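Peer 1:
Residue numbers (this note's numbering): 1198 to 1306.
Written out as structure tokens, the structure reads:
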């Protein structure tokens, strides 16, 4: 794959992973960027231990952490490091929740 400095999400196909989750992804080297959309019906019962760094574009979601819950909405930044200390699971409160994410390439889902 040729290296790109400019990526247009409009040119990428949605990857539907089921359970009201889909994303568009560009990978290069050990990094990937994703445009992620979760639907209200998404169920994420298992704790996630992988890091996520992103910007919320639209919608509202709660992310439960060990001992606390944070609400995220458009304009907020999500900053979750890797590891069990930062385990988390989301719940969508609006019809959809869309965010831009930068991740390590080993976090393919």
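Positions of the beta carbon are idealized from the N, C-alpha and C atoms, including for glycine. As the structure is a prediction and not an experimental result, all values here were calculated from the model.
#1: Residue 1221 and residue 1240: beta carbons closer than 7 Å?
#2: Taking just the CA atoms, how far does residue 1224 sit from residue 1242?
#3: List in chain order: all unbroken beta strand (DSSP E) runs of 3+ residues lying wholly within the region 1247-1305.
#4: Apart from the five residues on each side of it in sequence, which residues of its chain come closer than 6 Å, Cβ to Cβ, to residue 1274?
#5: Looking only at its own chain, which residues have a Cβ that is under 7 Å from the Cβ of residue 1219, when we skip the five neighbours before and after it?
Peer 2: Per the coordinate set shown:
#1: no
#2: 27 Å
#3: 1249-1255, 1257-1262, 1265-1270, 1274-1277, 1285-1289 and 1293-1301
#4: These residues qualify, in order along the chain: 1252.
#5: Once the five neighbours on either side are set aside, the close Cβ partners of residue 1219 are 1211, 1212, 1213 and 1234.
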